[in-house]
Structure formats: structure tokens, C-alpha cells
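If you're matching positions, the sequence shown starts at 9 in the numbering used here and goes up one per residue. All residues carry an ideal CB built from backbone N, CA and C; glycine is no exception. Note that the structure is a prediction, hence the values are computed from the model and not measured.
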Amino acid sequence: MLGKLIVCEGGEGAGKTTQLKLLQDWLARSGWLARINTYVQADYPPVLITREPGGTVLGQGIRKLLLDVTATGDESIDGQAELLLFAADRAEHVASCLLPHLQQGSLILCDRYTDSTIAYQGYGRGLDLKLIQQLNQIATQGLESDLTLWLDLEVEVGLSRTRQRHPDPEIRVDRMETHEILFHQRLREGFKALAQEYPDRIVRIDAEHSAAEVALQIQAVLAPLLKEWYP
Ligand SMILES: Nc1ncnc2c1ncn2[C@@H]1O[C@H](COP(=O)(O)OP(=O)(O)OP(=O)(O)O)[C@@H](O)[C@H]1O
Ligand SMILES: [Mg+2]
């Protein structure tokens, strides 16, 4: 494949969206954007930021469905139904966005991908890991990331960041239900297990520092890869 796929993973509030934006800015500032552009076919962007769920028109509808169910506090969504909605979002995203851009040479920065499903639905909700792997395989057509940045930090720190983003006096991390904290701890364990299983693809980033410091860690990981990918 001509292009490259970089994925940002991690729990809630780890800084994924923040870091992808900072990475895009750094690529432009440091001259990489112009260099990548010489590899990309006309009419395609050198760098594309996208996300799962919600990276396509269909995906935006699926994302809204999934978030609406969560927002009502009604946890009655069936685990398999949720899993299939994520898979449908991914299938559309891979087929209509990721693959066409990679074929034309774009560098894609994707907010969450297959590992989130393994961590959330597998480790978090306890669904069958083998089934999730099979669905990931079908939805991605076998497309794996070239690099996955796992932003790792203490569960409580990440959750308190998301609470600050949407201040709600009724919801404070220290009053959150134990099962919610335990859920997030399980999914952190999931990312850890994945990073151990796929050390060539997944790089752990210590996300507990300031956004600027985390960005420097990411740039240090990426610089040698960019030199290799775009000589
Ligand atoms: N390194 C950091 N230190 C402190 N605050 C941060 C840091 N990085 C991001 N934030 C802030 O924490 C909040 C969550 O960050 P962000 O939205 O980037 O996380 P996320 O991983 O994308 O979360 P989600 O999983 O909910 O999409 C934001 O308000 C952001 O400004
Ligand atoms: Mg985000």
C-alpha cells in the first residue's frame, strides 16, 4: 500500500483527539506534509484525520445511535448488537475511506480502530475475543495499522479529564460507581495485553504528562518511521 495508517488508541480522556491534532500541526510545521504530498496522487490529501466510529456519513449515523443509547443511561443495548454496529461502521470506513486514501498515498491519522473494539467489547464487556477478531477481520478486509500509538494513563486521570471537558457537578470521578472504574481498568488491561502481543505495531506512550510533552514523545517515535516511509 502506498499510504500509511497511524492509529491513536487509549481509554477515555487519554488525549487521543488532542494528540492527533497536534501531530497534524507538527507534520505541517516540520515540512513532512510537503514531503508526503510529493508521494500522493493529485486530488488526495497528504494527511487525513478520521475516526471510528463516525468517519463516514453512514458512520456518523451509527455513532449517533451508539452515543444516544449511552447518553440515556439505558444500558439495555445488547452486547452483540453494539459489536455489530461498530463492525458496520468499520466496514464502511475501511471500504470507502481508509483503503481508497491509502491506495492514493495519503498518511491517515485515525482516532480509534480495531484495538478499541478488543479492549472495550472484549476486555471491558467480556464478549468473546475470537468472535471480535473475526468481525475485525471481516470489517477491515485485513487492513492493519502501520503504527498504533497507545496513549496510556491512570484510569482516574483520564476520566477526570473528560469530566472537566463536560463539567457536570452530578458526575465526579470520586463518586463514580465502582463498576465503571473497574470497567475502565479492564480495558486498560486489554490495551496492555495487545501492546505485549503486537510489539512491532503498538507503541505505548506515557500520556500522563502535559499535552506538549506527550506530543514530543509521539514525534520521537514517528520521526524515524517517516524517514523510512518517505525517503
Ligand atoms: N496531556 C494532557 N494533560 C491535561 N489535559 C489534557 C491532556 N491532553 C488532553 N487534555 C484535555 O483532556 C480532555 C480530553 O482530551 P481528548 O478529548 O483529547 O481525549 P480523548 O482521548 O480524545 O477522549 P475520548 O476518548 O473521550 O474521545 C480535553 O479537555 C483535553 O483538552
Ligand atoms: Mg476523542
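Rounded Cβ spacing between residue i and residue j (contact assumed at less than 8 Å)
i: residue 242; j: residue 159; result: Outside the modelled stretch of the chain, which goes from 9 to 239, sits residue 242, for which no answer is possible.
i: residue 166; j: residue 20; result: 5 Å
i: residue 222; j: residue 210; result: Incorrect: roughly 16 Å between the Cβ atoms, too far for contact.
i: residue 129; j: residue 91; result: 5 Å
i: residue 77; j: residue 85; result: 5 Å
CB of residue i within 8 Å of CB of residue j, strictly
i: residue 93; j: residue 74; result: yes
i: residue 62; j: residue 127; result: no
i: residue 95; j: residue 147; result: yes
i: residue 113; j: residue 11; result: yes
i: residue 37; j: residue 238; result: no
i: residue 287; j: residue 192; result: In the structure displayed, the chain extends from 9 to 239; residue 287 sits before or after that span and is not available.
i: residue 13; j: residue 153; result: yes
i: residue 34; j: residue 227; result: yes
i: residue 117; j: residue 55; result: yes
According to DSSP, residues forming a beta bridge with residue i
i: residue 116; result: 13, 56
i: residue 211; result: 157
i: residue 18; result: 159
Per-residue burial, residue i [other beta carbons within 10 Å of its own, 16 or more giving buried]
i: residue 182; result: Residue confidence is low: residue 182 scores 47 on pLDDT, short of 50, so the model does not pin down where it sits. Its coordinate-derived value is still stated next. When all chains shown are included, residue 182 counts as exposed.
i: residue 218; result: exposed
i: residue 232; result: exposed
i: residue 72; result: exposed
i: residue 196; result: buried
i: residue 46; result: exposed
i: residue 101; result: buried
i: residue 15; result: buried
i: residue 17; result: buried
i: residue 180; result: Low per-residue confidence applies at residue 180: pLDDT is 47, beneath 50, and the placement is therefore not dependable, though the value from the model is reported in the following sentence. Exposed: under 16 other Cβ atoms inside 10 Å.
i: residue 235; result: exposed
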